[in-house]
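Q: I am attaching a structure below and will ask some questions about it afterwards.
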Ligand SMILES: Nc1ncnc2c1ncn2[C@@H]1O[C@H](COP(=O)(O)OP(=O)(O)OP(=O)(O)O)[C@@H](O)[C@H]1O
Ligand SMILES: [Mg+2]
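Numbering (full-length UniProt numbering), first residue to last: 1 to 298.
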């Protein structure tokens with residue numbers, strides 16, 4: 001583990017389990033931090049899917065087509081993931097970034113471990129399922145007590161010890177439930193009880209997490225979140241419940257350790273102007289997509 005870390009606070013979204021919402025949370029948090037006025041570098045370490053990087057490219061497209069000045073994290077995907085390339089990309093994009101958001105792939109690898117090792121804050125989304133808890137440790141189904149620490153739990157413990165050995169500050173580990181459905185309340189109570197035991201055993205905080213909402217996925221093709229709809233009020237209405245969940249999530253790691261806010265964040269702004277016809281078609285598609293987010297099932 002190198003002692004040379006980027007200057008900004010590193011927030012790594014990682015879990016050895018795939019499909020739990022790492023990229024969705026990383027994208028919403030990167031955008032929320034940019035809205036709050038911070039300089040954000042977002043690096044996608046999953047070069048095969050590149051979900052985070054794509055969503056931010058779509059966002060640039062939306063800003064250009066609609067001529068709207070969206071707060072913009074600077075971003076890249078690491079095609080040959082290595083610690084050196086990671087450091088190089090941060091320096092290239094913004095060496096003075098306040099936050100560096102890393103979206104890790106959903107499997108163990110050297111770059112996965114590097115991303116976890118350099119985190120100031122490690123955010124691990126999980127679905128409310130005992131299957132997902134298996135990556136932390138075994139839970140006795142009768143006593144509810146935690147037993148053997150397993151794959152991801154062990155990885156984090158090892159990397160924490162390595163940080164301690166070289167005198168780096170401890171990692172703040174936040175485990176957040178994602179895609180929570182209120183109709184599963186009884187199952188969620190059992191998961192919460194098991195999570196609390198694992199939190200004590202493995203020293204992580206339990207975040208409030210996000211519910212299952214169409215609003216967290218329907219604007220992906222446009223690179224937008226509901227925070228952005230406040231800048232586009234004539235297109236669609238932002239869902240207050242969705243906004244509150246994203247704000248809660250980001251406030252959970254924007255602690256006293258947050259860098260001082262910069263008043264006027266740099267924004268590349270829309271450079272190529274689109275024609276009125278293209279803009280109108282794009283607005284219609286975006287409005288149709290956003291209408292899905294206000295249906296009664298969200
Ligand atoms: N809170 C949510 N509400 C609704 N859908 C969600 C939510 N979070 C994630 N999803 C959806 O769940 C799926 C998986 O999400 P995502 O790609 O963010 O997971 P991931 O952990 O990054 O996956 P991978 O391990 O493949 O990188 C996607 O279809 C995404 O749109
Ligand atoms: Mg992903």
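Quick reminder that beta carbons are idealized off the backbone N, C-alpha and C, glycines included. Given the structure is predicted, the values throughout are model-derived calculations rather than measurements.
Among residues of its own chain, excluding the 5 on either side of residue 169, which ones have a beta-carbon nearer than 8 Å to its beta-carbon?
A: Excluding positions up to five away in sequence, the list reads 120 and 163.
Q: Within its chain, find whatever has a CB closer than 6 Å to the CB of residue 229; leave out the 5 residues flanking it on each side and keep chain order.
A: Correct list, in chain order: 236 and 238.
Q: Within the region 117-161, note down every full beta strand (DSSP E) run reaching 3 residues or more, in order along the chain.
A: Fully enclosed beta strand (DSSP E) runs of 3 or longer: 121-127, 137-139 and 146-149.
Q: Restricting to Cα atoms, I'd like to know which of 67, 31, 219 and 202 is closest to residue 290.
A: Of 67, 31, 219 and 202, the residue nearest in Cα terms is 219.
Q: Evaluate contact between the region 29-42 and the region 141-148, counting only Cβ atoms and requiring at least three cross-stretch pairs below 8 Å.
A: Because the criterion of three Cβ pairs below 8 Å is not met, the region 29-42 and the region 141-148 do not touch.
Q: Which residue from 191, 71 and 52 puts its Cα closest to that of residue 175?
A: Closest option to residue 175, Cα to Cα, is 191.
Q: Can you tell me whether residue 29 is buried or exposed? The criterion is at least 16 other CB atoms within 10 Å of its CB, across all chains shown.
A: Answer is buried; the Cβ neighbour count reaches 16.
Q: Going by DSSP, which residues form a beta bridge with residue 211?
A: Per DSSP, 180.
Q: Once you ignore the five residues that flank residue 303 on each side, which residues in its own chain have a CB closer than 8 Å to its CB?
A: Absent from the structure is residue 303, since the part of the chain shown begins at 1 and ends at 298.
Q: Within 8 Å: the Cβ of residue 105 and any heavy atom of ligand 2?
A: Yes - ligand 2 has a heavy atom lying nearer than 8 Å to the Cβ of residue 105.
Q: State the CB to CB distance for the pair residue 128 and residue 200, rounded to an integer number of angstroms; the pair is presumed to be in contact (CB under 8 Å).
A: At roughly 19 Å, the Cβ-Cβ gap does not stay under 8 Å, so residue 128 and residue 200 are not in contact.
Q: Taking 8 Å as the cut-off, does the CB of residue 52 come closer than this to any heavy atom belonging to ligand 2?
A: The answer is yes for residue 52.
Q: Less than 8 Å between C-beta atoms, sequence neighbours within five positions excluded: which residues of the same chain meet that for residue 78?
A: The residues are 43, 44, 45, 47, 85, 86, 89 and 111.
Q: In this structure, what does DSSP give as the bridge partners for residue 102?
A: DSSP lists 12 and 43 as partners of residue 102.
Q: Can you find the residues in the same chain that come closer than 6 Å, C-beta to C-beta, to residue 10, ignoring five residues on each side of it along the sequence?
A: Only 100, 118, 119 and 120 meet the Cβ criterion.
Q: For residue 132, collect the residues of the same chain with a Cβ closer than 6 Å to its Cβ; drop the 5 residues on either side in sequence, then sort them by chain order.
A: These residues qualify, in order along the chain: 17 and 126.
Q: For my contact list, residue 181 and residue 212 are in at a C-beta cut-off of 8 Å; report their separation, rounded to the angstrom.
A: Contact flag correct, Cβ pair sits at about 5 Å.
Q: Going by C-alpha distance, which of 50, 123, 140 and 254 is nearest residue 37?
A: The candidate whose alpha carbon is nearest that of residue 37 is 254.
Q: Nearer than 8 Å: is that true of the beta carbon of residue 108 relative to any heavy atom of ligand 2?
A: It does not: the Cβ of residue 108 is nowhere closer than 8 Å to a heavy atom of ligand 2.
Q: Hey, would you say residue 122 sits closer than 9 Å to residue 65, going by beta carbons?
A: Taking 9 Å as the Cβ cut-off, residue 122 and residue 65 do not qualify as a contacting pair.
Q: Hey, is residue 62 close to ligand 1, as in C-beta under 8 Å from one of its heavy atoms?
A: No, the Cβ of residue 62 stays beyond 8 Å of every heavy atom of ligand 1.
Q: Can you check which of these residues, 222, 275 and 15, is closest to residue 116 by C-alpha distance?
A: For the residues 222, 275 and 15, the minimum Cα distance to residue 116 belongs to 15.
Q: Can residue 211 be considered in contact with ligand 1, in the sense that its beta carbon sits closer than 8 Å to one or more heavy atoms?
A: True, at least one ligand heavy atom lies under 8 Å from that Cβ.
Q: Only counting the same chain, and skipping five residues up and downstream in sequence, which positions put a Cβ closer than 7 Å to that of residue 231?
A: 68 and 70, listed in sequence order.
Q: Using the three-state DSSP reduction, which class does residue 3 fall into: helix, strand or coil?
A: Caution applies to residue 3, whose pLDDT of 44 falls short of 50 and renders its modelled position unreliable; the value that the coordinates give is listed next. If DSSP states are grouped into helix, strand and coil, residue 3 belongs with coil.
Q: When you measure from the CB of residue 17 to every non-hydrogen atom of ligand 2, does any distance come out below 8 Å?
A: Outside the cutoff, so no.
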